Amino acid sequence: MSQVVLSPRSWRGRVAIPSSKSVAHRQLLCAALAGMPLDGVRLQGPASQDLTATRNALEILRSPQGECPVLDCGESGSTLRFLLPVAAALGGEWRFQGRGRLPQRPLEPLLGELRSHGVDIQGEHLPLRLKGKLAGGAFSLPGNVSSQYVTGLLLALPLAGGGAVRLTSPLESQDYVALTLQAMAQFGVEVQREEEGFAVPPGCAYRPVENLPVVEGDWSAAAFPMVAAALDARNPQGLLLENLSSRSLQGDRRIVEILQAFGAQVEFLPQGLQVRPAPLHALPEIDVRPIPDMVPALSVVAALAEGTTRFVHGERLRLKESDRLEASRDLVVSLGGKAELQGDVLQVTGAKTLRGGVVDGRNDHRIVMAAAAAAVAVQGKVTIGDAQAVAKSWPAFWQAYSLATGEEVSL
């Protein structure tokens, strides 16, 4: 595993944010189901490991070889949870496999719903074997589990003759489902919102789209250079981020409002999003249920904001590429800050500066990038392990870091 050693350097000029992983996953699936070439989905920057896993699996789904083709999901939860219902709706026999912590991540109640609609599934975690064809109809899910289950079923329902996803409790990750509805509508499938969930009418079908626009920038990725700029008192001009949409449906666009609430100067200009530093003050409480991917970056902000910030409702962060609650706490502590866990609540008390130190990247792309953002505001150096993990979502992150800081990074 690779590591990098970073000095406290300012991020200056412009940073081009790569295409949204969440949007691109959905567009790739819809394009494949519409019979389009997958290169019709145009990305800004190289494809991440997660998107490559989805693309490769879709190619196999469309041109299966052998009696029971293998769909390798890599370490991508989106790839697995989206493709399970889609493969079942296409029918036949499929094997699913993955790596890292993906075989440990939960798949219920999705597997139970697939089984109750005619799919034979061997296994409860990866590796899995599916056989049969998904029947349409009514599916039932609680709203406080992964929105990826809802997305997977909605994507599959046009292939299964239509049906509905009924929610037995309020949907927590509404923004991610909104991205799914947006992508499906783009490809000709209008999902109907109902009081208890969503319905896909019988007869709906995916249609090819000519000249898709380039996939918008990724607000989850943008958080890290945004945080670096917000923390850097040495660079009052700040940093300009390109490719971001102020009208995006991505839930992580809330990083703008949250950084502003901390005290940073964040504004949209004609040429991009400008982030400038300012004195930072803690926020009493941040509910992270809608924005779980933001916690590593925001924990760094809290570590340098006056006062104590509590990140609440973080239980689902324990089921990511790492236990992100523990990893975010350890990131802050490793750099000389103060953070503690109280059950599923992360509490961070700010300091005027951080000393630097050694960060265990835990093979988690977001922990690695958060540590790189923190390096701008430390007294010493920051050594980050598992630096190669950024390839999961932003393969060109270290190139972008080098261009912005002037510090050459090689893995």
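Going by the numbering used here, 278 is the number at position 273 of the sequence shown; the sequence numbering is gapless. Backbone N, C-alpha and C fix where the C-beta goes; we use that ideal spot for every residue, glycine too. Model, not experiment: these values are computed from the prediction.
Whole-angstrom Cβ separation of residue i and residue j, contact assumed at under 8 Å?
| i | j | result |
| --- | --- | --- |
| A227 | L244 | Not really, about 10 Å apart at Cβ, beyond 8 Å. |
| V293 | G319 | 5 Å |
| T173 | P147 | 5 Å |
| A49 | N248 | Reading off the sequence, residue 49 comes out as Gln, not Ala. That belief holds up - the Cβ atoms of Q49 and N248 are roughly 6 Å apart, short of 8 Å. |
| A332 | L236 | So it is not a contact: roughly 19 Å between Cβ atoms. |
Could you give the first and the last residue of the continuous alpha helix (DSSP H) run that contains residue i?
| i | result |
| --- | --- |
| G157 | S152 to A161 |
| S333 | R329 to S339 |
| S225 | W224 to L236 |
| F402 | F402 to T410 |
| R31 | K26 to L38 |
| V300 | V300 to A308 |
Beta strand (DSSP E) containing residue i: first to last residue?
| i | result |
| --- | --- |
| K343 | K343 to Q347 |
| T388 | V387 to G390 |
| T314 | T313 to V317 |
| T354 | V350 to T354 |
| D292 | E290 to D292 |
| A21 | R19 to A21 |
| V182 | Run containing V182: none in the beta strand (DSSP E); it sits in the alpha helix (DSSP H), Q179 to Q191. |
| L274 | Q270 to L274 |
| E247 | L244 to E247 |
| R212 | That residue, R212, is in no beta strand (DSSP E); it is neither H nor E in DSSP. |
| V10 | Q8 to L11 |
| G148 | No beta strand (DSSP E) contains G148, which DSSP labels as neither H nor E. |
| G362 | G362 to V364 |
Per DSSP, residue i is paired with what?
| i | result |
| --- | --- |
| D369 | Answer is none; D369 lacks a bridge partner. |
| D55 | Partner(s): none; D55 has no beta bridge. |
| R258 | Looking at the DSSP assignment, R258 forms no beta bridge with any residue, so it has no partner. |
| G168 | G142 and V205 |
| E199 | G202 |
| R281 | Q270 |
Next item on the list: Could you name each continuous alpha helix (DSSP H) segment of 4 residues or more that falls completely within the stretch 71–139, going from the start of the chain to the end?
Entry: Taken in chain order, the unbroken stretches of alpha helix (DSSP H) that lie wholly in the stretch 71–139 and span 4 residues or more are 82–95 and 115–120.
Next item on the list: Would you be able to state if there are at least three C-beta pairs under 8 Å between the stretch 277–285 and the stretch 201–211?
Entry: The stretch 201–211 vs the stretch 277–285: no contact.
Note to self: If contact is defined by three or more beta carbon pairs under 8 Å, each pair taking one atom from either stretch, is the stretch 160–172 in contact with the stretch 28–40?
What the structure shows: Yes, they touch.
Check: So does the stretch 71–88 actually touch the stretch 134–153, counting three or more Cβ pairs closer than 8 Å?
Finding: Yes, the stretch 71–88 is in contact with the stretch 134–153.
Next item on the list: Tell me, please, whether the stretch 124–132 touches the stretch 185–202 by the rule of three or more beta-carbon pairs shorter than 8 Å.
Entry: Put simply, the stretch 124–132 does not touch the stretch 185–202. Fewer than three CB pairs are less than 8 Å apart.
Check: Just checking, does the stretch 322–341 make contact with the stretch 271–278 on the three C-beta pairs under 8 Å criterion?
Finding: Not touching, per the Cβ criterion.
Note to self: Using a Cβ distance threshold of 8 Å, determine whether the stretch 6–15 contacts the stretch 38–46, with at least three qualifying pairs required.
What the structure shows: Result no; under three Cβ-Cβ pairs closer than 8 Å.
Next item on the list: Could you tell me whether the stretch 293–307 touches the stretch 247–261, using the rule of 3 or more Cβ pairs below 8 Å?
Entry: Counting Cβ pairs under 8 Å, three or more are found: they touch.
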